[in-house]
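Have a look at the structure below, then the notes.
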Amino acid sequence: MDRNRILELTADMTLEEKAMQMTQLSPDMFYHRCPSNLTGPLREWRFEDEQLQEIGSVLGPSGAAYLRKLQEDYLETSRQKIPLLFMSDVIHGYVTIMPIPLAQGCTFNPKLCEEAAEAVAREASAAGLHVTFSPMADLVRDPRWGRVMESCGEDPCLNGRMAAAMVRGYQGEDPADKGRIAACVKHFAAYGQPEGGREYNTVDMSRGVLRDFYLPAYREAIKAKAALVMTSFNTVERVPASCSKLLLRRILRQEWGFDGVVISDYAAVEELMNHSVAADALEAGEKSIHAGMDIEMMSGVYAGSLKTLLEQGRITESEIDECVIRILELKNKLGLFENPWKDADEQEEKKVIYCREHLETARKAARESMVLLKNQGALPLSDSGQVGLAGPFACTGNLLGGWHCEGRPENTRTLGEALEEKLGGRLVTAMTQPFSWGGDRDVPDMVEEAALGLKDCEVCIVAAGEPEWETGEASSKTNLRLSKNQEKLIHALHEAGKRVVLVLFSGRPLEIGPVLEECDAVLQAWFPGSAGADAAADILCGDYNPSGRLSMSFPRNVGQIPVYYNYYNTGRPAEAKADSYVTGYRDCPNSPLFPFGYGLSYTDFTCGGLEISREGGKLQAFVRVRNTGKRSGKTVVQLYIRDVSASVVRPMKELKDFRKVFLEPGEEIRVEFTITEDMLSFYNEEEKWVWEPGEFDIMTGLDSEQVETRRIVVPAQADREA
Ligand code: NOJ
């Protein structure tokens, strides 16, 4: 459909119809309603029955048959017959569930994440969905916040690469194509930094921090052509994102040139009143319209206030039309005017959902996302002897993690099953009840019994962690330790002389310091998804050499949070002097327990011989990576840069590029990085993107702590040319 037709449709709409086009509700609210008996929020929001007939988009429905019928019924009664948009939270899988995004970040393999997102889109589109509320590009530094599981971690570069890869995976060349859906990057902006890690709390940071760390990943998603942006619940510079002209008008639209649809988070327009930046719904609507919020999700501010606002001259019709046109353009971009059902197809659903190929992708992604944190020879498991398995994650399919959409924990293979396939009768289990005992209720008898049950096993795997309901939205925590009984189980097995292999299932870095000494090996498995148990078994048994690297630092204890690698230097750096008047703690080092970018392998790698070349005016770094061990495997070569002295404080190091490489035993390769001007640039005090001539440290290594450094001087352009 051409743009003129969109303009005609807009011109033909009544104001009420426009307001409803700009409103998103769940099917319960408008489809399964009882028109003569409106109750609850519907009544509070004062939707009229006729209004509900012209709703523009739907939150959270799914299933080809259901969505075909919903669209059909809607088009029958709607006056203009503009198809509905179906949007949902397909975060890391529809039915086949991939590892949680924090784990996907640990793959350092954007191509693989793109492949995973493509499989996810294939399932979701066959089920009739048009838009997914993913990727979440919120940078995270505080594991107390439950939603760190939805992010790809603490680094802007990694986060940006992953967000862009996911957008490409969902949308392909064109979201209208078969098997594709539109991506909605969220939560714009800086939702990942709530004070104290407390969900929905205030976010407050300087413009420089926002620019340096928090904005880049959203921008990468937009450069990759994400069709929508969702605003965040929080404030930025004291203004809630859902009415922030700074974020929505200036940065998103003007600076970044985004011309897609902006949608609020759930009821966030109405919540402007709770934030106390709007005295009433009229003011909330006025502010969001001025900021250019196109769709209001799950509240009725637009529906109830646009008419009055227009009559009172507080908003203009062209501001409303701007939003409506963008919504219709999205529908057009998805081809809905020609085919309102898009890919909804029951046959295709049967074919693609939970298919072997998607499960294989999920297994690959899970294998690459698991991070081996410690190994004192306990892994891979040896070929003989009995192997013990205990812990709340030993025999459960609850490995999918929060936001698992239509995932099927009941069909998901358990670690016990996956290990049994490989170890047969060598596997002995004890104390495998899922979280019934995971709380703080003391169960000393069970722990003793378990230790006794595993007495003939030299090696015991403890599948421990946090329950999935303690992660995700509204799941902030102040205690990140394993529950007492899990710690006791590890302790009892260690005391009994066992080699303890801890396999950790969690949606965040947990505080594992208290049990680390007692474990001979630790594998961070995250919530690994539908094929996660097989992936973990592949690693434990040595059929896959672990290659995951941490996307988020592990704190030594909660008091150290936030702890992250790319911090700014202080006037009293910890490294400078051996006295107490430097930045630090009396009772704890500044460094994390495990740093960003860290992870072990079953082979050994060296990385060194960093050389810088400026041939032909091109700045390049070369480094040699060698597999010095006995097994083939993958490692991640990481390039960091520090601007040694600048007009504003710069981070101690910033990841600028990385390569995941595969090496046979004894193989050595030379990895090359091109250092671009962008990699040296930052937003200065005037908010200009600049690079300042002078000294830079170029660093390469296999994690963010152990790096080799070359200091270089990059002169101003004119000097370089002279
Ligand atoms: C609230 C969450 O913050 C957001 O991430 C999600 O997409 C919406 N609800 C819709 O479910």
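The numbers in numbering that gives the first Met the number 0 rise by one with no breaks, and the one at position 711 of the sequence shown is 710.
Every residue, glycine too, gets a C-beta built ideally from N, C-alpha and C.
The structure displayed is predicted, hence computed values, not measured ones.
In this structure, DSSP gives His357 a helical state, which the three-state scheme calls helix.
Inter-segment contact for the stretch 164-172 and the stretch 217-227 is present: three or more beta-carbon pairs are separated by less than 8 Å. Under the three-state reduction of DSSP, Cys151 is assigned to coil, being neither helix nor strand. A direct Cα-Cα distance of roughly 14 Å separates Met21 from Leu8. Judged by their CB atoms, Gln385 and Glu465 are not nearer to each other than the 9 Å cut-off.
Ala573 sits away from Asn556, with the two beta carbons spaced by 9 Å or more. Just so you know, the alpha carbons of Leu609 and Glu667 end up roughly 14 Å apart.
Collapsing the DSSP output to three states places Thr708 in a strand.
DSSP places Asn331 within a helical segment (H, G or I) once states are collapsed to three.
Contact between the stretch 638-652 and the stretch 117-130 is absent: fewer than 3 CB-CB pairs across the two stretches fall below 8 Å. In the three-state scheme derived from DSSP, where H, G and I count as helix and E and B as strand, Val442 is classed as coil. For a cut-off of 8 Å, the C-beta gap from Ser124 to Ile180 is around 5 Å, short enough to register as a contact. Rounded to whole angstroms, the gap between the alpha carbons of Ile511 and Glu285 is 49 Å. Look at Val94 here: in three-state DSSP terms it is coil, with no helix or strand label. At a threshold of 8 Å, Lys185 counts as near the ligand NOJ, since its beta carbon sits closer than that to one of the ligand's heavy atoms. In this structure, DSSP gives Tyr566 a state outside helix and strand, which the three-state scheme calls coil. The C-alpha of Glu122 lies about 13 Å from the C-alpha of Asp88. Look at the stretch 447-534 and you find these whole runs of beta strand (DSSP E), each 3 residues long or longer: 458-464, 498-504, 520-523. Ile319 is a Cβ neighbour of Leu14, given a cutoff of 9 Å. CA-CA distance, Thr360 to Gln705, rounds to 32 Å.
Scanning its chain for C-beta atoms nearer than 7 Å, with the 5 sequence neighbours on each side dropped, one finds around Lys363 the residues Leu111, in chain order.
Comparing C-alpha distances from Leu679 to each of Val670, Thr673, Trp690, Phe672 shows the shortest one belongs to Trp690. Taking 9 Å as the cut-off, the beta carbon of Phe526 is found closer than this to the beta carbon of Ala102. With 5 Å as the limit, the residues whose C-beta approaches a heavy atom of the ligand NOJ more closely than that are Asp88, Phe132, Asp264, Tyr265, in chain order.
Selection Asn338, Met297, Ala283 evaluated against Ile314 yields Ala283 as nearest (Cα-Cα). Taking Tyr584 as reference, the option from Ile560, Gly596, Ser600 with the minimal CA-CA separation is Ile560. Secondary-structure assignment with DSSP links Ile668 through a beta bridge to Val624.
Assignment of Leu308 by DSSP, reduced to helix, strand and coil, places it in the helix class. By the neighbour-count definition (other C-beta atoms within 10 Å, threshold 16), Glu337 is an exposed residue. At the C-beta level, Ile294 and Cys322 come within 9 Å of one another.
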